[in-house]
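For the sequence shown, the positions run 13 to 566 when our numbering is used.
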Amino acid sequence: MPRERVTMRKIREILRLVWSCNLSRRDAARTCCVGKSTVNDTINRAMATGLSWPLPFDLDDDALEQRLYPPAVSPASRKLAQPDWQSLHDELIKHKKLTLMLLWQEYKEGDPSGYQYSQFCERYRQWRKKLDRSMRQEHRAGEKFFVDYSGQLVPIVDASTGEVRDAQLFVGVMGGSNQTYAEATWTQSLVDWTGSHARAFSFLGAVPHCIVPDNLLSGVTKTCRYEPDLNPTYAALADHYGTAIIPARVRHPKDKAKVEGGVLIAQRFILAGLRNRTFFSLAEANAAIRERLLLLNKRPFRKLPGCRQSRFEEIDLPAMLPLPETSYEYAQWKKARVHIDYHIELEGHFYSVPHRLVREQVEVRYTETIVECLYRGNRVASHPRSFAQGKHTTTPEHMPKAHREFTEWTPERIISWAAQTGTATAQVVQNILSRKAFPEHGFRSCMGIISLAKRYTKERLEAACERAVTIKGVNYRSIKSILENNLDQKILPKQMDLLSVAHENIRGTDYYNDERKHDADTTDNREAELHETHSHGQSLCRSDAMSGHGTTLL
């Protein structure tokens with residue numbers, strides 16, 4: 013047990029009070045404000061060295077301390093066998109629950125005369141400090157895969173136009189072995205982001221236990237220090253592979269120091285090595301990147317045995333999760349409200365859901381081939397993907413037999429509701445409903461038309477519907493365009509004939525009718541005169557010929 017720190021002045025005073033003043037050791041301790049054990053230790057040491065009071069005149073403080081507290085005699089120096097720190101370090105990385113205490117116990121069983129636990133830990137920490145900076149952090153085997161994009165871009169030339177387009181460089185690094193993956197993509201969008209993850213896992217041949225991305229918008233929709241909100245598509249990718257996503261904290265690059273170093277190495281080894289090459293396609297660039305990537309992973313370490321590839325196969329790969337049996341399919345998510353026609357809208361097409369979910373909000377998961385609707389985590393509808401605009405995909409099982417929950421929404425009621433605006437509006441609604449295979453498919457369009465009366469007035473809506481019927485543009489878009497452009501306030505072509513002309517300077521339609529009649533009469537008279545003159549000339553010619561004269565009328 014270490015002695016209490018006492019100055020030489022107090023030590024001299026303790027010796028004086030006990031030997032000269034004959035105070036008890038308890039009283040001497042109280043007087044000098046030290047513990048009784050300290051007084052006992054001081055008196056015993058002084059007696060053991062043959063000191064008495066008064067102390068020798070030439071005994072200064074340094075000499076007194078040397079006599080009372082001589083330096084500990086170190087045992088005979090012996091050389092201890094050094095443990096294999098590298099193998100112990102690899103064992104510590106491989107197994108999550110392994111501790112230095114257990115490793116030390118196993119070490120002592122093999123060498124009972126070896127280091128004690130404190131020296132064992134201290135020497136291991138000193139050895140670990142000699143490693144590279146990127147290896148000082150402890151990363152469990154197969155646990156974390158750090159991902160990010162490089163700030164340096166990959167230029168790709170369009171062979172036909174000569175235009176240069178920059179591609180992004182995706183980089184991923186395993187925490188335990190530094191195994192690196194890199195590829196070029198056109199964008200950092202969600203489809204490229206998730207696709208790069210899937211191809212990275214295929215390259216590794218296994219799945220890490222968790223992914224550590226930056227707070228990229230494609231992966232994290234809402235950044236938060238403690239509970240970041242993940243993009244649903246990115247979360248679905250993690251669920252498909254059975255892994256977890258732990259985004260790095262905002263403005264904390266040390267949380268993803270592995271990939272920060274990996275990006276730097278990728279820029280210096282991969283991109284710098286390809287600086288003199290010109291690429292004319294993304295596939296050509298990725299082929300060259302893959303060649304440099306394989307060289308990087310097989311390049312030997314400077315201070316550790318092996319390379320990235322060998323350490324990955326030895327440390328990370330055995331502890332990683334297996335790849336799923338089915339390949340990942342990119343899917344997007346959105347929220348939609350079920351309309352009264354029990355359909356939801358997705359990119360201009362309408363898909364049915366069970367009618368009991370009318371007015372409820374559902375989640376829609378859609379790929380290139382399928383559309384799935386989920387309500388409170390349960391799939392309630394599934395349809396083949398359709399890109400036909402304005403069309404409906406309806407499952408008969410989703411339709412109510414007699415609209416038990418919404419009996420008021422029938423074609424007859426919608427038509428009668430439209431008739432309150434006017435006959436033209438009712439005619440438009442009836443026309444729309446009659447064109448649909450199921451009248452319910454036209455409910456949305458009809459309600460949109462009727463709702464225009466709230467914005468414009470019933471009179472204007474009726475006029476717009478009348479014009480739409482005349483021009484045969486019976487749909488919501490056409491009627492809305494008529495109202496927005498005030499075409500409903502202009503006279504219809506058929507109404508021009510009903511206008512009366514009251515001004516004396518305006519001829520009116522009757523004038524042109526009279527003029528046409530007058531011109532016709534004049535033409536008829538002129539033709540009659542010409543016919544009469546022509547007939548008279550012909551008769552004169554015949555008479556002259558009969559009389560023997562050769563006169564011709566000009």
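Heads up, the beta-carbon is just placed ideally off N, CA and C, and yes, glycines get one too.
Taking the DSSP output, what are the residues bridged to residue i?
i, result
"V219", "L333"
"T606", "Residue 606 falls outside the range modelled here, since the chain spans only 13 to 566, and no answer is possible."
"D53", "Answer is none; D53 lacks a bridge partner."
"R349", "Q373"
"D160", "V183"
"H395", "V383"
"R456", "Its beta-bridge partners do not exist; DSSP assigns none."
"Y193", "G184"
"E165", "The sequence as given places Leu at residue 165; Glu does not occur at that position. Answer is none; L165 lacks a bridge partner."
"I356", "Y363"
Is the beta carbon of residue i sitting closer than 9 Å to the one on residue j?
i, j, result
"A58", "L27", "yes"
"I23", "T61", "no"
"L181", "Q164", "yes"
"R397", "T407", "no"
"P95", "G126", "yes"
"C222", "F324", "no"
"F362", "R489", "no"
"W65", "W31", "yes"
"L473", "T435", "no"
"H367", "Y378", "no"
"D123", "L104", "no"
"E77", "K108", "no"
"G318", "V185", "no"
Find the nearest neighbour of residue i within the set the options, judged by alpha-carbon distance.
i, options, result
"V219", "L473, A256, S446", "A256"
"R135", "L112, E118, E155, P124", "L112"
"N487", "K466, C458, K403, L504", "C458"
"T405", "L369, G154, H453", "H453"
"A297", "R177, C33, L386", "R177"
"T206", "F215, E175, T245, V185", "T245"
"V365", "G174, E384, G402, Y378", "E384"
"N498", "A475, I483, E337", "A475"
"L216", "Y193, E77, I258", "Y193"
"K484", "L464, K310, I444, E496", "I444"
"Y423", "K403, A400, I352", "Residue identity differs from the one stated: residue 423 is Pro in this sequence, not Tyr. Of the listed residues, the one whose Cα sits closest to P423 is I352."
"A210", "A248, E175, G174, D226", "A248"
"L464", "T437, A348, R320", "T437"
"V183", "S339, K502, K270", "K270"
"D160", "E272, D204, Q128, D70", "E272"
"V46", "R21, E175, L63", "R21"
Cα separation between residue i and residue j?
i, j, result
"L307", "V376", "44 Å"
"E195", "K315", "28 Å"
"E357", "F213", "35 Å"
"V374", "I462", "26 Å"
"E118", "F132", "12 Å"
"C44", "T19", "11 Å"
"A284", "H252", "36 Å"
"C33", "E121", "57 Å"
"A260", "L333", "22 Å"
"R37", "R79", "21 Å"
"K234", "S162", "The predicted model places K234 with a pLDDT of 48, which falls under 50 and marks its position as unreliable, so this point remains unresolved."
"P312", "F291", "29 Å"
"A153", "K106", "5 Å"
"D73", "Y81", "12 Å"
"A41", "P68", "23 Å"
"L100", "N52", "47 Å"
"A295", "T197", "10 Å"
"G360", "L504", "33 Å"
"S201", "E337", "26 Å"
"E496", "A480", "13 Å"
"D500", "H410", "40 Å"
"V203", "P225", "16 Å"
"T199", "W116", "51 Å"
"N243", "A250", "11 Å"
"R349", "E372", "6 Å"
Residue i CB to nearest chain D CB: under 9 Å?
i, result
"T406", "The displayed structure is made up of one protein chain only, and chain D is not part of it."
* Kindly confirm or deny that the segment 338-348 and the segment 165-173 touch, where touching means at least three C-beta pairs closer than 8 Å. => no
* Asked: Does the segment 297-304 come within contact of the segment 277-287, defined as at least 3 CB pairs closer than 8 Å?
  -> With a cut-off of 8 Å, the segment 277-287 and the segment 297-304 count as touching, because enough Cβ pairs lie within range.
* State whether the segment 324-342 contacts the segment 187-206, with contact taken as three or more CB pairs (one from each stretch) at a distance under 8 Å. => The segment 324-342 makes contact with the segment 187-206; the number of CB pairs closer than 8 Å reaches 3 or more.
* **Contact between the segment 421-429 and the segment 389-396 (3+ Cβ pairs under 8 Å)** => no
* **Contact between the segment 468-476 and the segment 443-452 (3+ Cβ pairs under 8 Å)** => no
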